[in-house]
Amino acid sequence: MVNLESLEDLFVYTLNKLRDAESVIIDALPKMVDAAHSEELKEGFQQHLRQSQQQLARLDDVMDNLGYSPIDVTCKAMRALVDECEEIIDSPGDPDVKDAALIAAAQSVEHYEIAGYGTVRTFARQLGYDEAADLLQETLNQEGDTDKKLTRLAEGQACRRQLVHQRHQRRSRAKITRRESNARQKGTPATGWTALSGKSDTSGATTRRPGVNSNGFRRGLTPRRSRFS
Ligand SMILES: [Fe+2]
């Protein structure tokens, strides 16, 4: 439990919380590098790892220059954000979709860091620690640049996701066609919409099942009249 009696206390507490946040993301980033599918994203995470190590050292410099020693502060928010990244890493799925999820999770991390560094930089200015404020501003600029790079990667990923979606649709259509073809050969009913309608989307031929009329309703059954008609 920290004692927050003054802005100085809050400044030191926030610096230490950011130290913990940087340490947590430094531990997590190598796993994100391994999990990333695209080379650009791997490179992006590697660069983020190098910058995070630099940013941690910069926080130590800020505290050292002001005569503060590090204290134990746990950044629960960063741990939760990293848990989300690890959940994505451990999930099965399409590699391009997982990359998109990793980018989104990494941007959540960036936005949290941007908020934290913006706050602590302002505290430094208010306390008259201009040199510390300038160092913290350097980190804030790096975090902003990383966020923009992630946005560009996400935009590139959106094109890939469109391709994944089209591939998924083609596979689904092929599966339905195969099922219909097998059903016709065996003389057994297909399942789903085609079973009721008797329509085929491949040959244009109608393979109406006995007992089903041209509208796709079982003979003897008429559609329920709408209560609004
Ligand atoms: Fe950082």
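Each number in this note's numbering comes from the position in the sequence shown (counting from 1) with 23 added on. Just so you know, even glycine gets a beta-carbon here, dropped at the ideal spot from N, CA and C. Computed from a predicted model, the values in this text were never measured in an experiment.
Which residues in the same chain as Glu133 place their Cβ atom closer than 7 Å to its Cβ, once the five residues preceding and following it in sequence are excluded?
Closer than 7 Å at Cβ, skipping near neighbours: Glu166, Thr169, Asp170, Leu173.
For Cys270, tell me which candidate among Arg175, Gly139, Asp84 has the shortest Cα-Cα distance.
Look at the range of the chain in this structure, 24 to 252, and you will see that residue 270 is not part of it.
Range covered by the alpha helix (DSSP H) that runs through Thr37
Counting along the chain, the alpha helix (DSSP H) containing Thr37 begins and ends at 30-58.
Does ligand 1 have even one heavy atom less than 6 Å from the beta-carbon of Ser46?
No, since every heavy atom of ligand 1 falls outside the 6 Å radius drawn around the Cβ of Ser46.
Can you list, in chain order, the residues of its chain with a C-beta nearer than 6 Å to that of Ser131? Leave out the 5 residues immediately preceding and following it.
For Ser131, same chain residues with a beta-carbon under 6 Å away, outside a window of 5 residues either side, are Leu104 in chain order.
Would you call Lys40 buried or exposed, if buried means 16 or more other Cβ atoms sit within 10 Å of its Cβ?
Per the 10 Å Cβ criterion, buried.
Helix, strand or coil at Met24 according to DSSP, with G and I counted as helix:
Residue state, collapsed to three classes: coil.
Does DSSP put Val143 in a helix, in a strand, or in coil?
Three-state result, Val143: helix.
Element boundaries [alpha helix (DSSP H), containing Gly67]:
Start and end: 62-89.
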